[in-house]
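Its first residue numbered 0, the sequence shown is counted upward by one per residue in numbering that gives the first Met the number 0. Idealized CB from N, CA, C, for every residue including glycine. Read through the structure below, which is laid out as structure tokens, and then see the notes.
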Amino acid sequence: MFHGSMVALVTPMREDGVIDEDSLEALIEFHVSAGTDAIVAVGTTGESATLDEQEHCALLRRIVALVKGRIPVIAGTGANSTQEAIELTRCGMEAGADACLLVTPYYNKPTQEGLYQHYKAVAAAVPVPQILYNVPGRTACDLLPETVARLAPVSNIVGIKEATGKLERGKQILELCGDQLDLYSGDDATAMELILAGARGDISVTANVVPKPMHDMCAAALAGDRGRAEQIDQTLSALHRDLFIEPSPIPVKWALHEMGLIPPGLRLPLTPLSPQCYDRVRDALRQAGVPGNADA
């Protein structure tokens, strides 16, 4: 249903933590003009954990309005309460999102049966296309391939973002249910290989700062052109690594500020990038051909 480079969009904020509407609009135009294939809004990279429900829903409505149907919008609507996930997913649907992305319930540490019942309940309650999202490094909860296969027949569960960074895990999902739902990488460093193996795209942090190269790399991999995909991905490899030198979205928001695209704001408990990391992120940007902010 969706494919290519799908940016896990940051939420631009001023230093006081207020969402910066002007920068948000500029970011949307930056991505549409650069060929980004979809906007993934208010997910982990969008600091969903520090937005209240009213802000979350208002931001989804604003992003859908700014995109104006030019590319798909996938709304992050996961929560560790099933009822809250239903409410946020309904909000995403009513905002006009093309699909919703639901992270596994974090902190609770549900069983595989609990995960199955959680996703089944959200899918039954809200008839919008839904993408599962597995990122155990953040959630302390691992959605196993066998459970994905149980969920795959649910008609409005259309994909999974697999962010373990383990290629064998992705290949196992493809083998078990690749004809029933689409697989998306959630790990930039291994995304090219996973797409070449059969995934449909990458929900990407790196795409925030290099949208066109990420689009081009994903397009080449989807076309089976390993040589072209590798050529592009090699220039991005330092970004794939160093945009996670501290927990995301700390480094990517610093990089976007360095590029002059957003203010420097984050919300606690996230704090600004440590100064000792500046040169590494700058070098990664330079390797990818990204010009710095002349005022920096």
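Where the alpha helix (DSSP H) through residue i begins and ends
i       : result
Cys-90  : 81-94
Lys-170 : 166-176
Leu-150 : 144-150
Asn-287 : Here residue 287 turns out to be Ala, not Asn, going by the sequence shown. No alpha helix (DSSP H) contains Ala-287, which DSSP labels as neither H nor E.
Val-121 : 111-124
Within-9 Å CB hit, residue i to chain D
i       : result
Leu-265 : In the structure shown, chain D does not exist; there is a single protein chain.
Three-state secondary structure (DSSP) of residue i
i       : result
Lys-67  : coil
Met-0   : coil
Met-191 : helix
Val-31  : helix
Ile-261 : coil
Ala-139 : coil
Ala-74  : strand
Ala-295 : Confidence is the limiting factor: at Ala-295 the pLDDT is only 37, short of 50, which leaves the residue's position unreliable, though a coordinate-based value still follows. Here Ala-295 sits in coil by DSSP.
Asp-51  : coil
Pro-271 : coil
Asp-97  : coil
Arg-266 : coil
Asp-282 : helix
Endpoints, beta strand (DSSP E) assigned at residue i
i       : result
Ala-37  : 37-40
Glu-46  : Neither: Glu-46 is in no beta strand (DSSP E) and is coded neither H nor E.
Asp-181 : 181-184
Buried versus exposed, by CB contacts within 10 Å (16 or more), residue i
i       : result
Gly-16  : exposed
Lys-252 : buried
Lys-160 : buried
Thr-110 : exposed
Arg-13  : exposed
Gly-288 : exposed
Pro-11  : buried
Ala-84  : buried
Leu-267 : exposed
Arg-3   : In the sequence under discussion, the amino acid at residue 3 is Gly, which differs from the Arg named in the question. Per the 10 Å Cβ criterion, buried.
Arg-69  : exposed
Ser-47  : buried
Glu-257 : buried
Arg-199 : buried
Thr-270 : exposed
Pro-212 : buried
Gly-136 : exposed
Asp-36  : buried
Arg-168 : buried
Glu-174 : exposed
According to DSSP, residues forming a beta bridge with residue i
i       : result
Asn-133 : Glu-161
Met-5   : Ala-37 and Ile-202
Val-102 : Tyr-132
Ile-18  : Met-12
Ile-156 : Gln-129
beta-carbon residue i near the ligand MG non-hydrogen atom, thresh 8 Å
i      : result
Gly-75 : Annotation note on the ligand MG: not contained in the displayed structure, which lists no ligands.
### Message
Restricting to runs no shorter than 4 residues, where is the alpha helix (DSSP H) found entirely within the region 196-252?
### Response
Here the runs fully enclosed are 210-221 and 225-241.
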